[in-house]
Structures are given as structure tokens and as C-alpha cells.
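In the working numbering, the protein residues as written are 101 to 215.
Glycine included, C-beta positions come from ideal geometry on N, C-alpha and C.
Note that the structure is a prediction, hence the values are computed from the model and not measured.
See the structure below:
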């Protein structure tokens, strides 16, 4: 869809590169917990920035995703993912991008990707 903005937030991993493919569940769970905290922090920050903003179609959305679909397999695939249908109002797309850039200024350990 042309009217959808997808965003991905990747916090720096605390996982050791050498142990990435044989990571214990406890390490995976620690990374999962870190993502939950970053998600909550980002949503709270976005809520402040978007307090008076009127969304055209859908509001900002963020959830924890795993590219491998298996939390125990590869915790390095954990990331935050959002998808918002902005309809015919491209300003929503730019606003989401701006908010995420502002968030990364607060959290230097996070990289973003917006498509």
C-alpha cells in the first residue's frame, strides 16, 4: 500500500556477538524486557509530542516483533515495529518520522528505519 508508513526501531543489543546464535532463554527474555521498556518510553514520548495532533486515518502504532517468529531462537531479531495507514494525508507520515527522529535524539542507543 502506498498510504502506509512502516517504522522499525532497533535498540542496541546487550547480547554478546559470540553467543548470538546459542543464546539462553534468560538472555532472550532480558532483551525482550528491554524492548518492552523502550516501547513504553517511546509511546509515552510520542503521546506528549502528538497530544494536539489530529490523525487523518490511524494513529501511531508500535509493537514488539521478531523477524524469526521464535523468541527462543534468535533474540537479536527482536525489534520494535509500527505500521500506520495515513490515507491521503502524507503529513501523518512526516509527523511519525519527525517524532521518531526526536526520540532517537533522546535515546542515542536506538536506530530507526522508516519505509
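If you ignore the 5 residues before and after residue 178, its C-beta comes within less than 7 Å of the C-beta of 131, 132, 135, 164 and 166, all in its own chain and listed in chain order. Contact annotation: residue 199 and residue 138 have beta-carbon atoms that are not nearer than 8 Å.
Spanning the alpha carbons of residue 128 and residue 143 requires a straight line of approximately 22 Å. For residue 161, the closest of 104, 184, 109 and 148 by C-alpha to C-alpha distance is 184. For residue 150, no pairing in a beta bridge is given by DSSP.
Across the structure, residue 150 and residue 140 are spaced so that their CA atoms are roughly 15 Å apart. Taking the CA atoms as reference points, residue 193 sits about 11 Å from residue 158. DSSP places residue 105 within a strand segment (E or B) once states are collapsed to three.
By the neighbour-count definition (other C-beta atoms within 10 Å, threshold 16), residue 107 is a buried residue.
Here residue 190 is exposed, its C-beta having fewer than 16 other C-beta atoms within 10 Å. Contact annotation: residue 187 and residue 103 have beta-carbon atoms nearer than 8 Å.
For residue 197 against residue 214, the beta-carbon gap comes to about 5 Å, under 8 Å, which counts as contact.
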